[in-house]
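One structure is given below, encoded as structure tokens.
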Amino acid sequence: MITGEFKEYLPEHKQLFIYERIESSEQFLIMVNLTMEKTTFDLTTEKLAEDWSLVLTNYLDEPQFGLVGEFAPYEARMYQRKVL
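Using our numbering, you'd call the opening residue of the sequence shown number 8 and step up by one each time.
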């Protein structure tokens with residue numbers, strides 16, 4: 008995901024890198040825990056849609072998107088949504 012509009016979420020979070028790419032009719036949300044520790048997140052203060060579909064993850068479980076949740080060590084997720 009190197010093209011399209013870039014928006015970072017929770018830049019002060021010390022363990023997670025969360026960003027959104029908006030490209031024509033699609034949006035992608037990438038969420039990555041960059042550490043070996045379990046961590047939590049809270050996106051309720053961000054203006055973020057909630058109708059994301061999971062496209063890719065590196066863990067066997069397939070978590071539904073939520074504005075609040077937790078990440079396992081080195082967990083990564085990519086969500087997608089269509090822009091109307």
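Each residue gets a CB set at the ideal place from its N, CA and C atoms; glycine is no exception.
Because the structure is a prediction, the values reported are computed rather than measured.
Sorted by chain position, which residues of the same chain lie with C-beta nearer than 7 Å to Glu30's C-beta, five sequence neighbours on each side aside?
Looking up residue 30 in the sequence shown gives position 23. Cβ-Cβ distances below 7 Å link Glu30 to Thr10, Gly11 in the same chain, with the five nearest sequence neighbours on each side left out; the list follows chain order.
Looking only at its chain, what residues have a beta carbon closer than 7 Å to the beta carbon of Tyr81, apart from the 5 residues adjacent to it on each side?
The sequence position of residue 81 within the sequence shown is 74, counting from 1. Annotation for Tyr81: Asn40, Met43 place their beta carbon closer than 7 Å to its own, counting only its chain and skipping 5 residues before and after.
Residues near Ile25 by beta carbon distance below 6 Å, same chain, minus five either side
For the purposes of this step, residue 25 is taken as residue 18 along the sequence shown, with counting starting at 1. Cβ within range, chain order: Tyr16, Leu17, Met38.
Could you tell me the alpha carbon to alpha carbon distance between Gln92 and Val90, rounded to whole angstroms?
One cannot answer for residue 92 here, as it falls past the ends of the chain, which runs 8 to 91.
Given this structure, state the Cα-to-Cα distance separating Ser60 from Arg84, to the nearest angstrom.
Counting from one through the sequence shown, the residue named residue 60 turns up at place 53. Counting from one through the sequence shown, the residue named residue 84 turns up at place 77. Whole-angstrom Cα-Cα distance: 10 Å.
Rounded to the nearest angstrom, how far is the Cβ of Phe48 from that of Gly76, given a contact under 8 Å?
On the sequence shown, position 41 is the one that residue 48 refers to. On the sequence shown, position 69 is the one that residue 76 refers to. So it is a contact: roughly 6 Å between Cβ atoms.
Below 6 Å CB to CB, which residues in the same chain sit around Val62 once its five sequence neighbours on both sides are set aside?
The residue you call residue 62 lines up with position 55 of the sequence shown. Excluding positions up to five away in sequence, the list reads Met85, Gln87.
Distance cut-off 8 Å: Glu44 Cβ against heavy atoms of the ligand GTP
As presented, the structure is devoid of all ligands, the ligand GTP included, so that no description of it is given.
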